[in-house]
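A quick write-up on the structure given underneath.
4 protein chains.
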Amino acid sequence: MLTIGVDIGGTKVSAGVVDENGAIVEQALRKTPADRPDLIAETVADVVRELAEGRDIEAVGVGAAGFVDESRSVVRFAPNLAWREEPLQKKISGMVGLPVVIENDANAMAWGETRFGAGRGQSHIVCLTVGTGIGGGLVFDGALFRGHWGMAAELGHMQVVPDGRPCGCGQRGCWEQYASGNALVMEARLIAEEQPERAGILLGLAGGKIEGEEVTEAARQGDEASLAAFASLADWLGQGMADLAAILDPGCFIVGGGVCRASDLFLDRAREAFTRRLTGRGHRPLPEIRLAELGANAGMVGAADLARHR
Amino acid sequence: MLTIGVDIGGTKVSAGVVDENGAIVEQALRKTPADRPDLIAETVADVVRELAEGRDIEAVGVGAAGFVDESRSVVRFAPNLAWREEPLQKKISGMVGLPVVIENDANAMAWGETRFGAGRGQSHIVCLTVGTGIGGGLVFDGALFRGHWGMAAELGHMQVVPDGRPCGCGQRGCWEQYASGNALVMEARLIAEEQPERAGILLGLAGGKIEGEEVTEAARQGDEASLAAFASLADWLGQGMADLAAILDPGCFIVGGGVCRASDLFLDRAREAFTRRLTGRGHRPLPEIRLAELGANAGMVGAADLARHR
Amino acid sequence: MLTIGVDIGGTKVSAGVVDENGAIVEQALRKTPADRPDLIAETVADVVRELAEGRDIEAVGVGAAGFVDESRSVVRFAPNLAWREEPLQKKISGMVGLPVVIENDANAMAWGETRFGAGRGQSHIVCLTVGTGIGGGLVFDGALFRGHWGMAAELGHMQVVPDGRPCGCGQRGCWEQYASGNALVMEARLIAEEQPERAGILLGLAGGKIEGEEVTEAARQGDEASLAAFASLADWLGQGMADLAAILDPGCFIVGGGVCRASDLFLDRAREAFTRRLTGRGHRPLPEIRLAELGANAGMVGAADLARHR
Amino acid sequence: MLTIGVDIGGTKVSAGVVDENGAIVEQALRKTPADRPDLIAETVADVVRELAEGRDIEAVGVGAAGFVDESRSVVRFAPNLAWREEPLQKKISGMVGLPVVIENDANAMAWGETRFGAGRGQSHIVCLTVGTGIGGGLVFDGALFRGHWGMAAELGHMQVVPDGRPCGCGQRGCWEQYASGNALVMEARLIAEEQPERAGILLGLAGGKIEGEEVTEAARQGDEASLAAFASLADWLGQGMADLAAILDPGCFIVGGGVCRASDLFLDRAREAFTRRLTGRGHRPLPEIRLAELGANAGMVGAADLARHR
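Protein chains in written order, with the numbering used here: chain A, 1020 to 1329; chain B, 1020 to 1329; chain C, 1020 to 1329; chain D, 1020 to 1329.
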């Protein structure tokens, strides 16, 4: 039987009909009404109705950025949307007449990769989504781990530098301020501004404004500042994974997210840093560090599967 | 039916016959032959035989400091004893003719507290043993969490200060270098050496050598240096717990270990630091931070119960 | 008798005829040919000829950003212009037929303030020019201190954070990365990006791009992020001045530069931080921390006076 | 004509009759009455009288640890003795009937080295005395630099690590907490305690208590922990000298003090670290870094010469 998975992003809502093998039968897109969060449930319902038309759909799984409660019904707090205690499950379920499960988007991605992507055959997984920030998902004994109140796996918000850079979460020195796409760009900008002689290629490519794509392209062309920014990203990724391995001893890490389009520029170095910084190294097996396989659809597919096994 | 729990410490081996309610029926002690690790199994067998005499014993649980493998049979590496790939289960089982389960000592303590101590009624627990270092135990969904290779919960070895103090694990900047009994004493010694005018009471009490007891007593008498050392301990404890809550979202923390005899000197401040440093604070429930209840017997009782439910 | 002072800035060359009391008799301006550093000497000569016309001029003093050699003739290295071993004195002197003295621009400003501004009556002065970076000038026993090779007083390049932010000088963690106008803007931008709810006023004022003026105006209107950025600036200014006082024990500090137009937003707090962080505080007199008085003309007037007393 | 130099140390008062070439004609010693600071002046007077007997003495120079006022008469504050506003010059002069000059002990050493030791022929010198802490002396234009109130050159108290190790001066993170003999021993002790497998030689030599001599000897024998401690000392020495060069641009550094008996174990590395961390490197001459030459007598000889040229 089929389920529908929905991934609510900051700019678009993407949805798909997914079968029990994780195959996407049909997809549809909507723009996210980001300035009208009260309309998001309606947008989701709309795209679900379109996809459900003429099909036998068992349930709907919805991935959304934010702290989702332990009953998987309510988004308690979303940093990038104006939701506070938003009863998303009830709203959508009422509109579409189907069972609905809400899940944190990084959890949904982690689950998609676990079931149908890089995590197949693994039962203890730490999944990292390295995009503008760092999202996390944990799979223990083959099940998604949500913690006591559904808010586990905010991996990007371990503090790694005391009194470090300010973070969107209100704290300072969080991991995602040093090991995310934003961190990569920030580091490259700082070096380019202060040491332009090391950033000739980058400044040539970027014109006025340095973004991630220019840093990646410049690094590929040998730009010293861009390579230094990737090296910093890699070292911090490795350090944070070593911290997580000390705590969780996973069988593997899965690293995905937009920054991984440039994984050739940092992943090997991140592995080395991880190995060097792992507590007890030499006396324990090393977990694999794998690239995610499902790309942008991981969250949708994962949400659909979570709805199936709700 | 009864089981026997054994706790192998650096100086003594303590064992007890434990019933299904966690009650200790009888206890016995041996000195740890610390310089002859090859004799430890024999010592354990000896005390087990004594206790088992005339009783119907179902199984034996043994808690030992070190990395225990996922089959709970072999101590792969013990930082304080000369064990490397020590097949402790096979050895002891062969000597006593009973089923034997080996467990990391901090895990055994965590389990003891979970079943019969401060963790009763909780299913998602982070347990900290704050002694010379920091030991950790994790309970998820009511079961001890061991990770993929049995080495999870080395909580004291998250890095909290980049390039910080050297740690016994070979890395630098580990949490236990800032939030343990050793850290407390080190901080007090540094202040006393450099700013003796703030450490008059402490220096008066300690004579030549400052240890934990003198720091505690001096703090109780208002010694400024000792109070500063406890404040530092509390702030770092709170910060590390905030990191763990970001990752694990536990329902409660249990804090035990020798340093907790002075919990009145740091636990309230640690709670405040935790609350202040928690990511997403204000939008999520706060886990309780509870004192351990079973004291020095937690490990023995936990090991015995793990043997029962092996 | 009169001398001419010239201040070569990144965008304009400003020159003035100055009498022995530091009074400016006449002024003139030229655009700096920043992309043609070989033409700068000519530009200076041109404006000097214009001002010298019909006057009896004794000598010319020129302030320029860069490392000036101990004979005050050659700019060995200029971070912002393409000069390397530029024989500026010889060039200009040859063109205008007058004695010429070259001086580092921050030194010239320090001397101007010492002779005719905030430093009158003081003989041991540390002068800070807080603009995009931090420039420094030292006056000991009433004379400008140049060090052995003429390169002293690069005060902005003390390291204050190990492995800190990259600096234009090629090192990391330099003071000017934490206590300059650039640092102020960078801190405000980081907070605004990560914690926009604290930066509502600033984001409203700045539109797309946050610069120093918006941070200042927003701070005046109570913007939390902007006030935090000024607080950070103040604390780091105070800390660095405390370091300099440990080394140099000056009778006073003079703080000038563009950021001081907002001195009401940070100077009192900087004084407090200085006092709190001063080694031996309580057992030594406190140097005054004064605002510069001559504004943008300090460098020109200082250079003119250095030419008089060459 | 002859003068007498006196060096008041924590354990002994050493004095000598010195000629105009810095040659010591005769020496004498007394124990420092450290617990009776009121008796120190008398002890100094006593040894001066002994040495002056039958000689024509022009004046007496006295070096003492502490903040000496700008008139070189009063010790305002001594961290290691109970002096506060101690009128040492008046007391001693009254007892011996000779002109007396008081000087900070590190200043006296710097002056001794400048006139008769490693600093001959140099006019801009930064002198470091690396012992339990770091003492400093500055020579500019061939004269001792005292600052406005006589308290300059407290070089050990620049902050190099924000919120770092507590310092005897009441602040945190001071240079001498990272680059002194005490820092060397502290670092070696920490590594030996936490990573004893790297400190086998050191622990074998030291028995119970690790002190500087054991660290030096163990490093010579290849002990890994001791070598790491010397490497850390060297890197921090180099960094601090780079900071001082940015500010003062000296023609040379002189490095002395007890730790220099092991200069073969750190000085080359300190030079490399200095060169790597110097702002503007590649565009400026490098000051020499020289070893002190006068050993333990530098302070006495310097004080005697300061008395001659009072």
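For glycine and all other residues, C-beta sits at the position ideal for the given N, C-alpha and C.
Am I right that residue i and residue j are in contact with their C-beta atoms under 8 Å? What's the rounded C-beta distance?
i         : j         : result
C/Val1179 : C/Trp1194 : 5 Å
A/Val1063 : A/Ile1121 : That belief does not hold up - the Cβ atoms of A/Val1063 and A/Ile1121 are roughly 10 Å apart, past 8 Å.
C/Ala1071 : C/Ala1084 : That belief does not hold up - the Cβ atoms of C/Ala1071 and C/Ala1084 are roughly 24 Å apart, past 8 Å.
B/Ile1273 : B/Ile1144 : 6 Å
B/Gln1141 : B/Cys1279 : Actually they do not touch by this definition, with Cβ atoms about 18 Å apart.
B/Arg1165 : B/Glu1089 : 6 Å
C/Gly1131 : C/Gly1321 : 3 Å
B/Met1319 : B/Gly1024 : 4 Å
D/Ala1317 : D/Met1128 : 4 Å
Where residue i and residue j are concerned, what is the direct C-alpha to C-alpha distance, given to the nearest angstrom?
i         : j         : result
C/Asn1201 : C/Gly1231 : 8 Å
A/Arg1049 : C/Glu1212 : 27 Å
D/Ser1191 : B/Ala1225 : Residue 1191 of chain D is actually Arg in this sequence, not Ser. Whole-angstrom Cα-Cα distance: 24 Å.
C/Glu1312 : C/Cys1146 : 12 Å
C/Arg1303 : C/Leu1284 : 28 Å
A/Arg1290 : A/Pro1306 : 10 Å
D/Ala1281 : B/Leu1157 : 49 Å
A/Gly1028 : B/Ala1171 : 33 Å
B/Arg1309 : B/Leu1286 : 9 Å
C/Ala1034 : D/Gly1161 : 36 Å
A/Gly1155 : A/Ala1237 : 28 Å
B/Thr1022 : B/Ala1047 : 14 Å
B/Leu1297 : C/Phe1086 : 48 Å
B/Gly1183 : D/Glu1039 : 51 Å
C/Gly1152 : B/Val1094 : 57 Å
D/Val1119 : D/Ser1112 : 6 Å
C/Arg1288 : C/Leu1246 : 12 Å
A/Leu1256 : A/Met1177 : 12 Å
D/Ser1092 : C/Thr1294 : 26 Å
When you compare the CB positions of residue i and residue j, do they come within less than 8 Å of one another, or not?
i         : j         : result
B/Glu1173 : A/Gly1277 : no
D/Pro1056 : D/Trp1102 : yes
D/Arg1329 : D/Ala1078 : yes
D/Asp1254 : D/Ala1218 : no
D/Val1036 : D/Glu1045 : yes
C/Gln1258 : C/Ala1292 : yes
A/Met1020 : A/Ala1060 : no
C/Val1234 : C/Ala1207 : yes
B/Pro1185 : D/Ile1220 : no
C/Asp1324 : C/Arg1139 : no
C/Gly1227 : C/Thr1148 : no
D/Pro989  : C/His1167 : Summary: the structure shown does not reach residue 989 of chain D, with chain D confined to residues 1020 through 1329, and so no result is reported for it.
I'd like to confirm something about residue i: is its beta-carbon nearer than 7 Å to some heavy atom of the ligand GDP, or not?
i         : result
D/Gly1140 : Looking for the ligand GDP in the displayed structure turns up nothing, as the structure carries no ligands at all.
DSSP puts residue i in a beta bridge; with which residues?
i         : result
C/Ile1076 : C/Leu1021
D/Glu1291 : None, per the DSSP bridge assignment.
B/Gln1046 : B/Gly1035
D/Phe1096 : D/Phe1086 and D/Arg1103
B/Ile1266 : In DSSP, B/Ile1266 forms no bridge with anything.
C/Gln1178 : C/Cys1193
D/Glu1307 : D/Cys1271
Cβ-based contacts, 7 Å cut-off: residues of the stretch 1207–1221 of chain D near chain B
For the stretch 1207–1221 of chain D, which is checked against every Cβ of chain B, the residues closer than 7 Å are Leu1209, Ile1210, Glu1213 and Gln1214.
If you measure beta-carbon to beta-carbon, which residues of the stretch 1183–1196 of chain D are closer than 8 Å to chain B?
Arg1184, Pro1185, Cys1186, Gly1187, Gly1189 and Gln1196
Could you please tell me which residues of the stretch 1166–1180 of chain A, in chain order, have their CB closer than 9 Å to any CB of chain B?
Gly1166, His1167, Trp1168, Gly1169, Met1170, Ala1171, Ala1172, Glu1173, Leu1174, Gly1175, His1176, Met1177, Gln1178, Val1179 and Val1180
With 7 Å as the C-beta to C-beta threshold (strictly closer), list the residues of the stretch 1102–1132 of chain D near chain C in chain order.
none
What residues in the stretch 1268–1281 of chain A bring their beta carbon closer than 9 Å to a beta carbon of chain B?
Asp1268, Pro1269, Gly1270 and Cys1271
Chain C contacts from the stretch 1140–1160 of chain D (Cβ-Cβ distance under 7 Å):
His1143 and Phe1159
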